[in-house]
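Novice: Below: one structure in structure tokens.
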Amino acid sequence: MRESVYTPGAGHVPPVLAGRDSLVEAWVVMLAEVASEGRVRAVDTVLSGPRGVGKTVALAVLSAEAKERGFEVIDLQAVAGYSGLIDSLAQRAEERVTAQSGPWTRARQALERVGGVNVSLAGVGAGVSLEPDRPRPRVDAGVLAAALAAVALEARQDNPAGGLLITLDEMHVAAPPDLALLSAALHQLNTAHPTAPVVFAGTALPSIRPVLDRAGVTHADRLFRFEEIPLTLSPADARYAIVEPARRKGVLWKPAAVDLVIAATRGYPAHVQLFAHEVWRVAPGPAAVTRDDAAAGLDVARATVEKQTLEPRWRQRSGRQREFLAALAVLGGTAPIARVAQRLGKTVRELSAVRRRLIDDGEIYSPEWGQVTLAMPAFSDYILAHYEATRAWSSKDLLSLDDMSG
Ligand SMILES: Nc1ncnc2c1ncn2[C@@H]1O[C@H](COP(=O)(O)OP(=O)(O)OP(=O)(O)O)[C@@H](O)[C@H]1O
Ligand SMILES: [Mg+2]
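Numbering (numbering that gives the first Met the number 0) for the sequence shown: 0 to 405.
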């Protein structure tokens, strides 16, 4: 069928955001409280989880809910190797002033105090006033907090249910000084501007806590609420994500066809979209998706994932890393690190460098202390199918799958 109703690919908001109702409900209640009481009721939220679980799209929905309620929203995206949080914020502020957006224009004075930004010239084509290669002056967190508070208070003047929301996607790649500044500004808002309706939301990989630590952010747990987005949707939520967008177009999935997609994806959101999309494309329609359609579509989807994702990722891993991943796959894709070590005949300490590297590269993550999980469920089967070939070329003496299974 043409015109797929699914949204494969990073950051594409699906027609139904399955399994996030309670997250969104808590969020809108909090927004109302912030509009009413100010910063004292704000819960600065960080959606954390492995790649492909739906952090960006959930953040987009939180952002849309805020806009709908009259919040001014600035959506930012951290870029690896680039310290640009203030530039981006300043640029957005300028755009809003230029567009004669009421709250921003009225808060202009406070915005101008945020160093390096020449908002006063906005409207006559002013840009950020510093030369790009000149070092930016240190922006004071207190000044930044005052500017954000001013905009938020002005926004609430226009709409009693309004305020200001700042979002930041991919926080884990933000420059450490940016993270430190952001955290300090949020803290300043708490202490100096308790009535200003400002709130923050971001996304990050599970490794965000040590990143914040290294950036010198103290008490991250008191500053942010870390909402962990699980690796997989529950079977019921995954079914809903598959069936409902089709139903809205008058197409019904046979339950057995849905079963196949659930089994193949294990409810991992990125694959739910991709696999359902491929099934949709091979299905002749016009009104049903059958089990045979699903079987054919899944073959295409598996081949796509293998070629585009799994194979390149497997190729980048060293022999020792593959051995670690194989032991984890043998254990079902999630296990205490101590059991992985035991299967490999090593100590946990001996594995720590390999484990660290795999975590940094996003191949595995630690859902709780002492536990490791493959960050992409479909990797398990691939690893089990391809590991033995690895041993042939490796110069290291790697254990076989049989050795690990004992
Ligand atoms: N709750 C959901 N229901 C249905 N589909 C979803 C859901 N969450 C995410 N998806 C789909 O999963 C895919 C990945 O989503 P998204 O890009 O938001 O993940 P992410 O966690 O931000 O990944 P990354 O860490 O790589 O940025 C998209 O195709 C999106 O449409
Ligand atoms: Mg994302």
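Don't be surprised by glycine CBs; every beta carbon is placed ideally from N, CA and C.
Computed from a predicted structure; not experimentally measured.
Might you give, ordered along the chain, the residues of its own chain that have their beta carbon closer than 8 Å to the beta carbon of A140, omitting 5 neighbours on each side?
Specialist: The residues are L180, A183, A184, H186, Q187.
Novice: What is the residue span of the alpha helix (DSSP H) that P176 lies within?
Specialist: Where P176 is concerned, the enclosing alpha helix (DSSP H) stretches over 175-191.
Novice: Using only Cβ atoms and a threshold of 7 Å, which residues come within that distance of a heavy atom of ligand 2? Order them by chain position.
Specialist: Cβ atoms closer than 7 Å to ligand 2 belong to A9, G10, K54, T55, D168, E169, T202.
Novice: Which residues in the same chain as A391 place their Cβ atom closer than 6 Å to its Cβ, once the five residues preceding and following it in sequence are excluded?
Specialist: So the list is empty, once near-sequence residues are dropped.
Novice: By the 10 Å Cβ neighbour count, where 16 or more other Cβ atoms means buried, how is K54 classified, buried or exposed?
Specialist: Burial call: buried.
Novice: T217: beta carbon under 6 Å from a heavy atom of ligand 1?
Specialist: T217 Cβ: outside cutoff for every heavy atom of ligand 1.
Novice: Cutting at 6 Å between CB atoms, please list the residues of its own chain near P196, excluding the five before and the five after it.
Specialist: Same-chain partners within the cutoff: V33, A34, G37, A151, R155, G162.
Novice: Once the 5 residues before and after A294 are set aside, which same chain residues still bring their CB inside 7 Å of it?
Specialist: Only L259 meet the Cβ criterion.
Novice: How would you write the range of the beta strand (DSSP E) that R224 sits in, first residue to last?
Specialist: Segment 224-227, the beta strand (DSSP E) holding R224.
Novice: Per the DSSP calculation, D168 is bridged to which residue(s)?
Specialist: According to DSSP, which records beta bridges pairwise, D168 is partnered with Q76.
Novice: Using the Cα positions of P234 and L88, report the straight-line distance between them to the nearest angstrom.
Specialist: Looking at the two C-alpha atoms, the distance is approximately 40 Å.
Novice: Would you check whether ligand 1 has a heavy atom nearer than 6 Å to the C-beta of A65?
Specialist: No, the Cβ of A65 stays beyond 6 Å of every heavy atom of ligand 1.
Novice: Looking at G266 and ligand 1, is the gap between the Cβ and the nearest heavy atom below 6 Å?
Specialist: Result no, Cβ not under 6 Å from ligand 1.
Novice: Could you check whether the Cβ of A384 sits closer than 6 Å to any heavy atom belonging to ligand 1?
Specialist: Flag unset: Cβ of A384 not near ligand 1.
Novice: Rounding to the nearest angstrom, what Cα-Cα distance links M29 and V42 in this structure?
Specialist: Whole-angstrom Cα-Cα distance: 7 Å.
Novice: What number of angstroms, rounded off, separates the C-alpha of S394 from the C-alpha of G266?
Specialist: So the alpha carbons of these two residues sit roughly 37 Å apart.
Novice: Report the three-state DSSP secondary structure of G124 (helix, strand or coil).
Specialist: Any answer about G124 is weak, because its pLDDT of 30 lies below 50 and its placement is not dependable; what the coordinates show is given next. Here G124 sits in coil by DSSP.
Novice: Would you kindly work out how many angstroms separate the C-alpha atoms of P14 and F274, rounded to a whole number?
Specialist: If I take the Cα positions, the gap works out to 15 Å.
Novice: Below 8 Å on the Cβ atoms is my contact criterion, and I expect L160 with G69 to pass it. Report the Cβ-Cβ distance as a whole number of Å.
Specialist: Note that residue 160 is Ala in the sequence shown here, rather than Leu. About 5 Å separates the two Cβ atoms, so the contact holds.
Novice: Have a look at the DSSP bridge pairing and note the partners of I363.
Specialist: In DSSP, I363 forms a bridge with L373.
Novice: Does the beta-carbon of V376, which I'm using as the reference point, lie nearer than 6 Å to any heavy atom of ligand 1?
Specialist: Note on residue identity: the sequence assigns Pro, not Val, to residue 376. No - ligand 1 has no heavy atom lying nearer than 6 Å to the Cβ of P376.
Novice: Report all residues from its chain with a CB closer than 6 Å to the CB of L397; omit the five preceding and five following residues, and keep chain order.
Specialist: Hits under 6 Å: G318, E322, R390.
Novice: In terms of DSSP beta bridges, what is T333 paired with?
Specialist: Note: T333 sits in a beta bridge opposite T372.
Novice: Closer than 6 Å: is that where the CB of L16 sits relative to any heavy atom of ligand 1?
Specialist: For ligand 1, at least one heavy atom lies less than 6 Å from the Cβ of L16.
Novice: Can you tell which of E2, P376, V72 has the C-alpha that lies nearest to the C-alpha of P229?
Specialist: P229 has its Cα closest to that of P376, out of E2, P376, V72.
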